[in-house]
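Single-structure report; data block below.
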Amino acid sequence: MSEVFENDIDQLDEKELLSLEDDNNEYHDSAFDGKFVYPSPLYKVKLEYSSEGVYATSKPEFDLQPGDYVIIPTRYGKDLARVLGLSKEPIGIKPSEVVDVERKANQDDLVKYESFKEKEEKAFKIFQEKVEAHHLEMKLIATHYLLEEQKVIFFFSADNRVDFRELVKDLVSVFKMRIELRQIGVRDESRITGGLGVCGRPYCCHAVSDRLRPVSIRMAKDQNLSLNSMKISGQCGRLLCCLSYEFECYTEARKKLPTEGIRLFYDGTNFRVMEINPLAAMVKMQGDDGRVLEVAASRFVNKDGKWRISD
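Quick note: the sequence shown uses this note's numbering, first residue 559, plus one each step.
Encoded structure:
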């Protein structure tokens, strides 16, 4: 295990600190400008091969129910997805990100999908052999056959850009079909492979969250979490996705409270705010006389830009 995961974040240099944050994020909170009227009904579906959440509309005659399988267009081609249910409050999506359900999947589709799993296992091994033969530094994450197209996709990770043109030619000669290689980040890798987090539950990126939201060190600091990288980093080596879940609540709560470090006069002594606990609604402060007090947040009043404590 590297030193980065054995030290407190406060002891890390700037480069090591930033390495915990994701540097390849496509999520944007500002994607929706408020003018887009979402179609109704709007469903949330999940791609079977990648666990990626997608918003989709459907014809009334399909009568979709949670658990149904459907065929939808994806960035790679038409593929199988499972209906999770109706979406009442879509979050941060663009009109272009809403797809139309092509049709409900039939029994032949499901049988075909299951048969592809065996082919994907064989393709996985062949790919690894070819990578070794071409002496390429890349790690294969997953192999996927598109349901309705003669195409196989290989998802891989690598520390640097990889020139895989000769590899693709070799693979085409073996599979006799369209080949696509996609380099993905470590968070995408965790979303595809899945697993259990430190909380004992499935990875959020695999089983809970719709998208890979950006997570920063600030989110951990503002929630008064221990800045030990082993405790706030996931299996992917990046900050835990769940750090972003309550961040907005903490941010709103802190707007009504003084910030750490400010000084105010109380009970005949100057005090400095040491720590704020938004959830417990308590503020800890230390006086010049050595006293350490915990005061209810509701007693703090901001008047003309100055904080004071009411009786």
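Even for Gly, the Cβ is constructed at its ideal location relative to N, Cα and C.
Query	Result
In this structure, how does DSSP classify E687 when only helix, strand and coil are distinguished?	helix
With a 10 Å radius around its C-beta and 16 neighbouring C-beta atoms as the bar for buried, classify F722 as buried or exposed.	buried
Could you name the residues of the same chain whose beta carbon sits closer than 7 angstroms to that of S588, not counting the 5 residues immediately before and after it, in chain order?	Because S588 sits at a pLDDT of 41, beneath the cut-off of 50, its placement in the model cannot be relied upon, and the following sentence gives the value as read from the coordinates. Same-chain partners within the cutoff: there are none.
How long is the line joining the alpha carbons of A656 and K604, rounded to whole angstroms?	For clarity, residue 656 is Val in the given sequence; the question names Ala instead. Looking at the two C-alpha atoms, the distance is approximately 13 angstroms.
In whole angstroms, give me the CA-to-CA distance for S802 and A778.	9 angstroms
Across the segment 717 to 732 and the segment 692 to 699, are there enough close Cβ pairs to call them in contact, namely three or more that are closer than 8 angstroms?	yes
Helix, strand or coil: how does DSSP classify K646 here?	coil
Quick one: give me the first and last residue of the alpha helix (DSSP H) that A778 is part of.	I775 to D780
Return the chain-ordered list of same chain residues with a C-beta closer than 6 angstroms to the C-beta of Q781, the five sequence neighbours on each side being excluded.	Y808
Is it buried or exposed, S673, if we count other Cβ atoms within 10 angstroms and call 16 or more buried?	exposed
According to the neighbour-count rule (16 or more other Cβ atoms, all chains shown, within 10 Å of its Cβ), is V641 buried or exposed?	buried
Helix, strand or coil for H693 per DSSP?	coil
Put T817 into one of helix, strand or coil per three-state DSSP.	coil
Could you give the first and the last residue of the continuous beta strand (DSSP E) run that contains T827?	T827 to N835
In whole angstroms, what is the alpha-carbon distance linking H702 and V710?	6 angstroms
Check the DSSP bridge columns for I711 and list the partner residues they point to.	H702 and E738
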